[in-house]
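In this note's numbering, the protein residues as written are 55 to 434.
Positions of the beta carbon are idealized from the N, C-alpha and C atoms, including for glycine.
One structure is given here, and the rest of the page talks about it.
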Amino acid sequence: MRLCNHNILDKKYIRLDYFRFSHPLGNSSAKHWFRLLVENRFDVHIFFLPRILFVSLTTLFIIPFRLLEEIVYGRRIENAKPKPPLFILGHPRSGTTFLHYVLSKDPELAFSSTYEVMTPHQFLTMGWLWRSLYKLAMPSTRPMDNLKMGADLPLEEEFALSLMSNASMMNGFYFPKRWLFYLRKYALFENGSEADVATWKRHFLYFLKKLTVKHGNKRLLIKSPGNTSRIKQILELFPEAQFIHIHRNPYEVYVSFERLFEKLIPVVGLQQVSREDVSLCVLECYKGMMGKYLEYRALIPEKQLCEFRFDEFIDKPLQLLEAAYQHLGKENFAEARPFFKEEILNHAHFQQNKYEISEELKEKIYSEWKFAFDAFGYDA
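So this is what it looks like as structure tokens:
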């Protein structure tokens with residue numbers, strides 16, 4: 055991507071975030087961290103050198119914890135057999151997080167919590183310690199939308215994959231100059247490389263096995279926007295997996311996703327990128343991800359997929375969930391309903407961000423994403 059002088063590190067966005075030293079990659083392996091640096095030619099912005107030092111030191115510090123976990127749990131992880139998961143699909147900023155929070159209250163499901171996702175190498179043996187540390191250190195809300203955050207709250211497994219291997223689109227937020235590279239290589243699998251697919255499958259399945267060990271073989275609830283374009287690969291691993299896809303007005307997705315970049319990159323990024331680059335990433339991500347979803351949606355057996363709109367879910371969440379459970383053949387809605395209701399009420403006062411969008415930008419979005427407007431029935 056081309057860099058220009060007008061970047062998201064200009065004075066309008068300069069905050070203490072740029073100078074914080076902590077970083078998620080501190081919980082990756084030293085080998086993976088070095089691979090990422092080599093893959094990105096050690097191209098990091100000078101603002102973020104404290105983060106580089108922090109990650110380099112902490113990846114060495116956690117080596118004994120990683121080895122201990124492999125010794126104690128290695129065989130159990132290898133022998134674990136995850137049940138066919140329930141997947142939440144949806145492009146970033148389509149309401150997947152709210153749906154994740156609600157569905158995580160189903161007593162029959164287990165989910166990846168924030169501290170588990172952020173410490174994928176050591177949460178089985180030292181989870182009690184990291185959970186306590188995250189409870190002390192984490193902000194109470196997310197920077198991009200003010201939804202609640204917490205060590206025990208659900209978080210997508212994509213973060214864990216980014217700390218275990220290069221095979222995660224989340225690595226693009228750490229190295230945003232190559233955001234599209236990670237999207238196309240490990241979420242869209244555009245180059246058709248069997249090695250790339252195998253790498254992603256191996257680490258994805260390994261993390262699900264660890265969750266299965268941790269949560270007593272309960273069925274897993276899995277949510278990552280990147281999985282929206284991985285239907286074919288997921289079905290190869292779990293032919294009986296079930297899916298709930300939530301979609302949102304594309305105009306709202308665009309402005310909300312652009313805001314996510316501007317909020318998240320200062321917190322976890324190691325490079326600077328321009329607003330032009332961000333706009334390109336947003337446009338290409340939606341085209342690629344939703345295009346793949348529509349291409350491979352037909353592979354999912356009819357009784358294994360349910361779809362609904364974000365605005366409808368906000369208006370009548372319990373009715374849509376009941377219909378989804380009936381469609382998917384899940385018989386415990388009555389048991390789960392009070393837990394769903396309580397979680398929904400906890401978000402009753404949440405205010406969505408309001409956005410203004412120019413006619414010029416609307417025309418650009420529509421011209422690029424017309425296929426999705428048509429496929430999902432949104433007005434231009």
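Would you mind working out which of the options sits nearest residue i, comparing C-alpha positions?
{"i": "glycine 80", "options": "Ala390, Leu217 and Tyr305", "result": "Leu217"}
{"i": "phenylalanine 119", "options": "Ala84, Phe141 and Phe108", "result": "Ala84"}
{"i": "leucine 122", "options": "Ile106, Gly226, Ser333 and Gln176", "result": "Gln176"}
{"i": "lysine 346", "options": "Ser167, Ser219, Ile285 and Phe88", "result": "Ile285"}
{"i": "phenylalanine 152", "options": "Tyr305, Glu422, Phe430 and Phe367", "result": "Phe367"}
{"i": "phenylalanine 311", "options": "Gly323, Tyr420 and Leu334", "result": "Leu334"}
{"i": "glutamate 397", "options": "Leu207, Gly431, Glu385 and Val332", "result": "Leu207"}
{"i": "leucine 237", "options": "Leu382, Ala388, Phe101 and Glu338", "result": "Glu338"}
{"i": "leucine 111", "options": "Phe88, Gly323 and Ile100", "result": "Phe88"}
{"i": "tyrosine 228", "options": "Gly181, Gln326 and Ala241", "result": "Gln326"}
{"i": "leucine 114", "options": "Ser82, Val98, Leu183 and Glu385", "result": "Ser82"}
{"i": "glutamine 406", "options": "Glu385, Ala164 and Phe364", "result": "Phe364"}
{"i": "proline 174", "options": "Arg95, Glu244, Ala191 and Ile131", "result": "Ile131"}
{"i": "methionine 224", "options": "Glu162, Lys189, Tyr127 and Leu314", "result": "Leu314"}
{"i": "histidine 401", "options": "Asn200, Asn271 and Ala434", "result": "Asn200"}
{"i": "isoleucine 116", "options": "Lys357, Gln287, Asn133 and Leu183", "result": "Leu183"}
{"i": "phenylalanine 108", "options": "Ser412, Val322, His403 and Ala241", "result": "Val322"}
{"i": "phenylalanine 261", "options": "Ala249, Asn245, Asn133 and Ala191", "result": "Asn133"}
Do residue i and the ligand ZN come close, with the Cβ less than 8 angstroms from some heavy atom?
{"i": "glutamate 389", "result": "The ligand ZN is absent from the structure shown, which contains no ligand whatsoever."}
In chain order, what residues of the same chain lie with their CB nearer than 6 angstroms to the CB of residue i, ignoring the 5 residues before and after it?
{"i": "alanine 390", "result": "Asp160"}
{"i": "tyrosine 438", "result": "Beyond the ends of the chain as shown, which are 55 and 434, falls residue 438; an answer cannot be given."}
{"i": "phenylalanine 165", "result": "Ser158, Pro208 and Leu275"}
{"i": "leucine 348", "result": "Ala429"}
{"i": "tyrosine 350", "result": "Ile285 and Lys286"}
{"i": "methionine 180", "result": "Phe119"}
Just reading off the beta strand (DSSP E) that residue i is part of, what are its end residues?
{"i": "leucine 415", "result": "Per DSSP, leucine 415 belongs to no beta strand (DSSP E); it is in the alpha helix (DSSP H), 413-430."}
Rounded C-beta distance between residue i and residue j? I'm assuming under 8 angstroms.
{"i": "histidine 299", "j": "leucine 259", "result": "So it is not a contact: roughly 22 angstroms between Cβ atoms."}
{"i": "threonine 168", "j": "glycine 204", "result": "7 angstroms"}
{"i": "leucine 375", "j": "asparagine 220", "result": "That pair is no contact at about 36 angstroms."}
{"i": "lysine 263", "j": "proline 136", "result": "6 angstroms"}
{"i": "histidine 77", "j": "arginine 105", "result": "5 angstroms"}
{"i": "threonine 266", "j": "leucine 274", "result": "7 angstroms"}
{"i": "isoleucine 319", "j": "proline 230", "result": "5 angstroms"}
{"i": "phenylalanine 297", "j": "leucine 163", "result": "The Cβ separation is near 14 angstroms, so there is no contact."}
{"i": "phenylalanine 141", "j": "asparagine 281", "result": "6 angstroms"}
{"i": "histidine 154", "j": "leucine 324", "result": "The Cβ separation is near 27 angstroms, so there is no contact."}
Near residue i, which residues of its chain fall below 8 angstroms by C-beta distance, leaving aside the five closest residues on each side in sequence?
{"i": "valine 307", "result": "His145, Pro146, Arg147, Ser148 and Tyr340"}
{"i": "valine 171", "result": "Leu209, Glu210, Glu211, Phe213 and Ala214"}
{"i": "leucine 289", "result": "Ala295, Leu353 and Ile354"}
{"i": "valine 156", "result": "Pro371, Leu375, Phe394, Glu397 and Ile398"}
{"i": "serine 194", "result": "Lys202, Met203 and Gly204"}
{"i": "aspartate 97", "result": "Phe229, Lys231 and Gln325"}
{"i": "arginine 69", "result": "Residue placement at arginine 69 is poorly supported in this model, since its pLDDT is 45, which falls under 50; the coordinates still yield a value, given next. The answer, listed in chain order, is Pro320."}
{"i": "aspartate 250", "result": "Ala221, Lys239, Tyr240 and Phe243"}
{"i": "histidine 381", "result": "Lys357 and Cys360"}
{"i": "methionine 192", "result": "Thr168, Met203, Gly204 and Ala205"}
Report all residues from its chain with a CB closer than 7 angstroms to the CB of residue i; omit the five preceding and five following residues, and keep chain order.
{"i": "arginine 196", "result": "Met203"}
{"i": "phenylalanine 292", "result": "Pro138 and Pro139"}
{"i": "methionine 344", "result": "His145 and Ala426"}
{"i": "isoleucine 419", "result": "Pro304, Tyr305 and Tyr308"}
{"i": "lysine 65", "result": "With a pLDDT of 38 at lysine 65, under the threshold of 50, the modelled position of that residue is not reliable, and the figure given next carries that caveat. Taken in chain order, the list of residues that qualify is empty."}
{"i": "tyrosine 432", "result": "Asn303 and Pro304"}
{"i": "leucine 178", "result": "Glu123, Tyr127, Lys264, Val267 and Lys268"}
{"i": "glutamate 422", "result": "Leu337 and Lys341"}
{"i": "arginine 232", "result": "Asn94 and Gly226"}
Based on the DSSP secondary-structure assignment, which residues constitute the bridge partners of residue i?
{"i": "glutamate 361", "result": "His299"}
{"i": "lysine 167", "result": "At residue 167 the sequence reads serine, which differs from the lysine that was named. In the DSSP output, where bridge partners are listed per residue, serine 167 has Pro208."}
{"i": "phenylalanine 141", "result": "Ile276 and Phe297"}
{"i": "lysine 346", "result": "DSSP output for lysine 346 lists no bridge partner at all."}
{"i": "threonine 195", "result": "Lys202"}
Which stretch, first to last residue, makes up the alpha helix (DSSP H) that contains residue i?
{"i": "arginine 238", "result": "233-240"}
{"i": "valine 126", "result": "117-133"}
{"i": "isoleucine 288", "result": "285-291"}
{"i": "proline 371", "result": "371-382"}
{"i": "tyrosine 305", "result": "304-322"}
{"i": "proline 392", "result": "387-400"}
{"i": "threonine 173", "result": "No alpha helix (DSSP H) contains threonine 173, which DSSP labels as neither H nor E."}
{"i": "valine 98", "result": "No alpha helix (DSSP H) holds valine 98; DSSP gives it neither H nor E."}
{"i": "arginine 89", "result": "84-93"}
{"i": "leucine 265", "result": "248-268"}
{"i": "asparagine 225", "result": "225-228"}
{"i": "threonine 151", "result": "150-157"}
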